[in-house]
Each structure stands twice: as structure tokens, then as C-alpha cells.
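In our numbering, the protein residues as written are 14 to 192.
Input: a single structure, listed below in C-alpha cells.
Shown next, in the form of C-alpha cells:
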């Protein structure tokens, strides 16, 4: 979406040209971009979120926000991969297994999941398989590989004089009859 594309450009600006970037957004998915030179300014509260703020709020490091969304879903983007998995359970799974896909690659049965999320949700998660998480992870991950050249932004502005016609032209239009 447009917010992700703009944020991706901001990330490139921060990484390649050593600028500090602040992203104005209330979207949780953009918190994955937060790092040393990138912060998120929350319009609802006016708070500037650093990596520490993101981890305190969501329970995972910014780099794991896509994994959180891959398990819990994102209402604002309209996807919910697994019924019964909200942020709290997703965080518990990530803390136990390391990431969204690792939930499926490091477990051998639903019993491995039951200790974290309970038996009924573990069974549903196991039966759902990794494909919903894989698709949601692809959707939630903001790519930062746009080929953007920022060098023109760093050049001195080019000012060109405004030219006008020597004689303004007046167009005479007669009103039409409204009969």
C-alpha cells in the first residue's frame, strides 16, 4: 500500500544516506521499520516510538512485527490467518519458537503448541498448517529494496525564472441566451 511504499523509501533514505527518519503513522505493521535511525510518530498520542517502545507495546522486537502479524493478523489490512490467535498468543508463540514459520518447523505435534496456547487452539493452529502464516508473513513484511536515487534531493535547488507572455490575452465570451 502507499504507506508501506513511502516508508520503504524512508528506510532507504535512512540506511543509505545516514539520515534520521520519522514515519507518521498509527499502523502497527510500520513498526517493523523502527531502528537506530528510524522512529514512528503516533498521530493519536504524539509519542515517538523507538525500538524499545515497540517492544514494550507489542512484546517483540520491531524486526518480529511481521511474525506477530503473520500469526495474529492485522485488522486494518483485513487478514486474520488463525482464529483464536490474537497478539498475546502470537507473542507467546514467537517467544517460544522464534518466529511465525518456526512455530511449524520446530514442532512435531499439536501437543508442542498446547503448552503455549491451549489444546483447542493448538489443534486448530496445527490443522491450519503453515500456509496461512506464510501468506500473512509475505503480506506483513515491508520490503526495503526499492531502487530509488536520492542524490537529486541533495543537490542545490535549481531556480528558473517564471516567464510571462508580454501581453496578456483577454478572451471575450458573450453570455449565451438562457431562453
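Note that CB positions come from ideal geometry on N, CA and C, so glycine has one too.
Between residue i and residue j, what straight-line distance do the alpha-carbon atoms span, to the nearest angstrom?
i, j, result
"residue 78", "residue 175", "49 Å"
"residue 66", "residue 147", "27 Å"
"residue 53", "residue 35", "5 Å"
"residue 155", "residue 127", "31 Å"
"residue 119", "residue 110", "7 Å"
"residue 149", "residue 114", "11 Å"
"residue 43", "residue 22", "12 Å"
"residue 33", "residue 137", "43 Å"
"residue 75", "residue 59", "19 Å"
"residue 117", "residue 82", "16 Å"
"residue 37", "residue 121", "42 Å"
"residue 142", "residue 151", "16 Å"
"residue 125", "residue 139", "10 Å"
"residue 88", "residue 103", "15 Å"
"residue 4", "residue 63", "Here the chain covers residues 14 to 192 and nothing more, so residue 4 does not appear."
"residue 94", "residue 71", "18 Å"
"residue 160", "residue 130", "42 Å"
"residue 51", "residue 84", "25 Å"
"residue 162", "residue 41", "28 Å"
Measure the CB-CB distance between residue i and residue j and report whether it falls below 7 Å.
i, j, result
"residue 92", "residue 86", "yes"
"residue 80", "residue 112", "yes"
"residue 105", "residue 123", "no"
"residue 55", "residue 39", "yes"
"residue 107", "residue 73", "yes"
Let me confirm a value: residue i is counted as buried when at least 16 other C-beta atoms fall within 10 Å, else exposed. Which label applies?
i, result
"residue 132", "exposed"
"residue 153", "buried"
"residue 61", "exposed"
"residue 25", "buried"
"residue 145", "buried"
"residue 165", "exposed"
"residue 196", "With the chain running from 14 to 192 in the structure shown, residue 196 is simply not present."
"residue 31", "exposed"
Below 8 Å, how does it come out for the stretch 44 to 59 and the stretch 67 to 75: are there three or more Cβ pairs, yes or no?
yes
Every unbroken alpha helix (DSSP H) within the stretch 108 to 154, with a cutoff of 4 residues, ordered by chain:
115 to 118, 123 to 130, 132 to 141 and 144 to 153
Threshold first: 4 residues or longer. Then list the alpha helix (DSSP H) segments lying entirely within the stretch 28 to 105, N to C.
64 to 71 and 78 to 85
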